[in-house]
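Worksheet: the structure to be examined is printed underneath.
Protein chains in written order, with the working numbering: chain A, 145 to 576; chain B, 145 to 576.
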């Protein structure tokens, strides 16, 4: 059987999982790929660091050039993350005639064009199943399984940390800070969770999904995004009363005005598959014009789920399929037609609004009139009797019918200027 | 751009969808496959039949040899269904050097070995994404995306007719016969629904999933199966009280005693993704030893969802990927090691039991003792006060902890022989 030498950059959580799968189940992998895959070298930043695996020290190095410049190594597996020095190592690996398997969503979201151009120049392939949705084979589904479809919309839960925190807040009524603390203690959140909870990580993944589904080359900066870090437990509670759960969604929708993209905490109707995605799980809902709606669900992070996707890619590369897919799809290409992005103001959605209003006669009428004046129609209202110890303000929750974001913003500006309303008002989108 | 001629056998619901996609979106397909796909001929049984599409009559024929024996045609798309004369046409197409794309689950389940041997003999590929789960790319996920995994278990809702009927029975409390009638009126069930409702269709699909996931070559006859046609509304109601919904599941599980396979109405815990699969939707839950649990959800039938999978396969074939996958996987091979099937008696599961017992003191104790005597432990019990007009018998529902099927059968035989119990008792498996 043919032997294929591969090199591994990074031996953190995902890298260690990849090394374990490649060595511990070499028989299975050989049977499915028709090749013996030989992990020739792994490169780490700090040789002294304690690791969860025993790795032959002769194969371990802190010099990435041992992998990048080794002519025997045919596939470079990049699980080190980050942009620098990763980008340079990936570019050099491609220039040296190696295929690249990467789990690095930030790298693709920010430098997809350069990396894919380099791969095309040197006739190599880049595989990146692990970059979105951990072990869920969503990249492959969009590239191959749904190839007969035009994707019309996509809604994705692709950050396990946020979904875990939101599930905790929903199920146990915890405030954000406490739910985050529990997530950190259990290893579902990093010590510095900023890029997860502020929506940046989700936006990276949305940039990749938008490329695959709509051929749209966007940088993270072009995606309006809001995280979960300012979400109030009250809104999760009211959403529940209305029959919804709050999820951090990556949304992409092909509309008349162009492609709508956004990352935001969003109300999702209970009883739909997306609403039932709990804890650290991920899911991607894809609507295609032929297939209708589909959903792909699984563990979005972690050592073995992510390594499952990486090793699946390695098999795909050595079998030769990845090269065919890479060539057929022409992703992140400068030749591709530019996809027009819709202005965020043009987005049409239903909205959940929460105001803190003075407990006085006529206030509800004033707000309803302000909304109506901007063409926004009310679907339902919750106003409870004031709680004991209320400071003269009570919460008013309004669910709207479909409205244009620009109209909504004008209405909210008008309402927030009223002296019977205590700012800031809360506004969340709704996915039915 | 290279042209590839393809022929279509069958122009029923799925075939018509395929013809429409191939002609109406030839640009998209050409872009994604790098070839112009030319539907050269379509073959129908009855030329006089009215169809939902306008099809160039010069390309339409009732002679399948026009497709099977045309040297210009490179890919034969089989959407005619059935075993005869389909099997012969598929075998001849392969012998004539054509790749085959098929949506025919019965054909693969019963004749997979012959067809795949023929394809190997002539160096061709067979692609069959549409045979299970309609538009859901589940075959590809098992073949490629999850290739780094050993699948440990699989639970699938793969018959839209049954799921539609069960959803109606659950949501509206309809009896089976009325729910079936509504499904027929809406086109979700055939005039003769036997193969759907008795579990045969689900068993065909399970045979295919078992081949892909476990390398097990099984015929439908080897799969114990039970349909939904004898399911009582009462059991759906009691399942609901216990927090479960009833789904017709295809189950496969790798256990110590061998591979467990079965098709049966099964209680699924509410709030899990599988329980929320409603109406005509399908879903396949796959647990892999690296990836953990995953779920693939979408429309399991219908013109365009199924055609989406067929055309996806056509693209996969002409790009050349399907040939690589076909060769790497060696499915339905006589060289493959035989997979031991577990005896149904050895299956370990939780069970839902419903007895109709005489409304007399001591009967619950008698039944509990009989179960305990066979090592079956009770998890929960429902016994309501007798309804007005009761005939002296009341329903008793028992949910067990995990038990061996053989013990359960002995206990049930003992209980059914008691004169305080009116037969037959109901027994359904539980998936948590």
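Cβ coordinates follow ideal geometry from the N, Cα and C atoms, glycine included.
- Which residues does DSSP pair with residue 395 (chain A) in a beta bridge? Residue 395 (chain A) is bridged by DSSP to A:299, A:406.
- Query: Is the CB of residue 307 (chain A) under 8 angstroms away from at least one CB in chain B?
  - Reply: With a threshold of 8 angstroms between beta carbons, residue 307 (chain A) makes no contact with chain B.
- Under the DSSP definition of a beta bridge, which residues are partnered with residue 358 (chain A)? Within the DSSP secondary-structure output, residue 358 (chain A) pairs in no beta bridge.
- Runs of beta strand (DSSP E) wholly within the region 218-283 of chain A (minimum 3 residues, chain order): Correct list: 243-246.
- Item | Cutoff 8 angstroms: residue 435 (chain A) Cβ touching any chain B Cβ | Residue 435 (chain A) counts as touching chain B.
- Query: With distances taken between CB atoms, is the gap from residue 492 (chain A) to residue 526 (chain A) smaller than 8 angstroms?
  - Reply: No, the pair does not count as a contact, with Cβ atoms beyond the cut-off.
- Task: Can you give me the Cβ contacts of residue 452 (chain A) inside the same chain, cut-off strictly under 6 angstroms, excluding the 5 residues immediately before and after it?
- Result: Closer than 6 angstroms at Cβ, skipping near neighbours: 279.
- Establish whether the CB of residue 432 (chain A) and some CB of chain B are separated by less than 8 angstroms. So yes, residue 432 (chain A) belongs to the interface.
- Task: Would you please verify whether the beta carbon of residue 460 (chain B) is less than 8 angstroms from any beta carbon of chain A?
- Result: Chain A contact via Cβ: present.
- Taking contact to mean at least 3 C-beta pairs separated by less than 8 angstroms, is the region 247-260 of chain B in contact with the region 349-368 of chain B? Yes, the region 247-260 of chain B touches the region 349-368 of chain B.
- Just tell me which of A:360, A:463, A:456, A:374 has its CA closest to the CA of residue 403 (chain A). Ranked by how close their Cα comes to the Cα of residue 403 (chain A), the residues A:360, A:463, A:456, A:374 have A:360 in first place.
- chain B contacts made by the region 276-304 of chain A, where a contact means CB separation under 7 angstroms: For the region 276-304 of chain A, which is checked against every Cβ of chain B, the residues closer than 7 angstroms are 279, 280, 281, 284, 285, 288, 289, 290, 291, 292, 293, 294.
- Item | Spatial neighbours of residue 208 (chain A) in its chain, beta-carbon cut-off 7 angstroms, leaving aside the 5 residues before and after | The answer, listed in chain order, is 153, 187, 233.
- Message: With a threshold of 8 angstroms between beta-carbons, can residue 98 (chain B) be considered close to chain A, or not?
- Response: There is no way to answer for residue 98 (chain B), as the model of chain B reaches only from 145 to 576.
- Message: I want to verify the contact list: residues of chain B whose CB lies under 8 angstroms from the CB of residue 177 (chain A), in sequence order.
- Response: 291, 472, listed in chain order.
- Message: Our contact map puts residue 386 (chain B) next to residue 395 (chain B) with C-beta atoms below 8 angstroms; I'd like the distance itself, whole angstroms only.
- Response: Incorrect: roughly 19 angstroms between the Cβ atoms, too far for contact.
- Item | residue 502 (chain B): first and last residue of the uninterrupted beta strand (DSSP E) it sits in | Element bounds for residue 502 (chain B): 492-502.
- Straight-line Cα distance separating residue 267 (chain A) from residue 150 (chain A): Using only the alpha carbons, I get a separation of about 18 angstroms.
- Message: Using a Cβ-Cβ distance cut-off of 8 angstroms, determine whether residue 440 (chain B) contacts chain A.
- Response: For residue 440 (chain B), the answer is yes, since a Cβ of chain A falls inside 8 angstroms of its Cβ.
- Item | Within-8 angstroms CB hit, residue 452 (chain A) to chain B | Yes, its Cβ sits closer than 8 angstroms to a Cβ of chain B.
- Do residue 383 (chain B) and residue 301 (chain B) come within 8 angstroms of each other at the CB atom, strictly closer than that value? The answer is no: Cβ separation not under 8 angstroms.
- Message: At 4 residues or longer, what runs of the alpha helix (DSSP H) sit wholly inside the region 433-458 of chain B?
- Response: With a minimum length of 4 residues, no continuous alpha helix (DSSP H) run stays inside the region 433-458 of chain B.
- Message: Less than 8 angstroms between CB atoms is the rule here; does residue 220 (chain A) satisfy it with respect to chain B?
- Response: It does not; no Cβ of chain B falls within 8 angstroms.
- Message: Let's test the definition: count the other Cβ atoms within 10 Å of the Cβ of residue 282 (chain B) and tell me whether it reaches 16, buried, or not, exposed.
- Response: It counts as buried.
- Message: Which residue wins for smallest C-alpha separation from residue 519 (chain A), given the options A:172, A:225, A:505, A:544?
- Response: Minimum Cα distance to residue 519 (chain A) is reached at A:544.
- Should residue 456 (chain A) be flagged as near chain B, meaning a C-beta pair shorter than 8 angstroms? Chain B, which has a Cβ nearer than 8 angstroms to the Cβ of residue 456 (chain A), makes this yes.
- Query: Run through DSSP, which three-state label would residue 413 (chain A) get?
  - Reply: Taken through DSSP and simplified to helix, strand or coil, residue 413 (chain A) comes out as strand.
- Task: Tell me whether residue 401 (chain A) is buried or exposed, calling it buried when 16 or more other Cβ atoms sit within 10 Å of its Cβ.
- Result: It counts as exposed.
- Message: Please identify the residue among A:388, A:381, A:337 whose C-alpha is closest to the C-alpha of residue 371 (chain A).
- Response: It is A:337.
- Are the C-beta atoms of residue 417 (chain A) and some chain B residue less than 8 angstroms apart? Cβ-Cβ to chain B under 8 angstroms: yes for residue 417 (chain A).
- Amino acids of chain B, ordered along the chain, whose beta-carbon sits closer than 9 angstroms to that of residue 273 (chain A): Neighbours of residue 273 (chain A) in chain B, taken as residues at a C-beta separation under 9 angstroms, are given in chain order as 289.
- Query: Can you tell me whether DSSP reads residue 562 (chain A) as helix, strand or coil?
  - Reply: Coil, per DSSP.
- Query: residue 262 (chain B) and residue 224 (chain B): beta carbons closer than 8 angstroms?
  - Reply: No. Outside cutoff.
- Neighbour flag for residue 165 (chain A) against chain B, beta carbons, 8 angstroms: Put simply, the CB of residue 165 (chain A) is near chain B, with a gap under 8 angstroms to one of its CB atoms.
- C-beta atoms of residue 436 (chain B) and residue 516 (chain A) nearer than 8 angstroms: With contacts defined by Cβ atoms closer than 8 angstroms, residue 436 (chain B) and residue 516 (chain A) do not form a contacting pair.
- Any chain A beta carbon closer than 8 angstroms to residue 424 (chain B): No - not a single Cβ of chain A is within 8 angstroms of the one on residue 424 (chain B).
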